[in-house]
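**Q** Residues 1 to 88 (our numbering) are what the sequence shown spells out, left to right.
Every residue gets a Cβ at the ideal spot worked out from N, C-alpha and C, and that includes glycine.
One structure coming up, written as structure tokens, with questions to follow.
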Amino acid sequence: MIKYYIDGETRYLIGSKSYTESELQAMREETAKKDEKAGYNDRRVGVYDKWYRYNRADEGAAYDRGQRKAVDSMRYGVTAVVIIECSH
1 MIKYYIDGET
11 RYLIGSKSYT
21 ESELQAMREE
31 TAKKDEKAGY
41 NDRRVGVYDK
51 WYRYNRADEG
61 AAYDRGQRKA
71 VDSMRYGVTA
81 VVIIECSH
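Below, the structure is given as structure tokens:
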């Protein structure tokens with residue numbers, strides 16, 4: 001990502017496309033929603049995927065929120081969790 005300015009407005013170049021700060025923030029929020037849903041769904045079946053820890057700008061915070069929501073919502077939750085390691 002390359003940060004630059006046009007007429008005082010901050011812009012970001014990702015690949016060959018330019019984004020404003022608000023567009024970039026919207027993309028981050030969308031990614032966080034998807035990660036939180038993935039964390040929720042994974043925990044419901046007893047999985048924790050460390051990939052989110054090492055491959056997201058928030059270091060897996062949204063994924064962990066989803067995991068926590070799943071634990072809090074399960075009456076009789078999955079007690080065993082399989083951790084999927086990530087080699088980076």
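In angstroms, rounded to a whole number, what distance separates the CA positions of Arg11 and Asp72?
**A** 40 Å
**Q** So Arg43 and Gln67 are supposed to be a Cβ contact under 8 Å. How far apart are they, rounded?
**A** 5 Å
**Q** Between the alpha carbons of Tyr19 and Arg75, how many angstroms are there, rounded?
**A** 43 Å
**Q** Determine which residues share a DSSP beta bridge with Glu9 and list them.
**A** Ile6
**Q** Excluding sequence positions up to five away, which residues of its chain have a Cβ less than 8 Å from the Cβ of Ser37?
**A** Per the sequence shown, residue 37 should be read as Lys rather than Ser. Cβ within range, chain order: Gly66.
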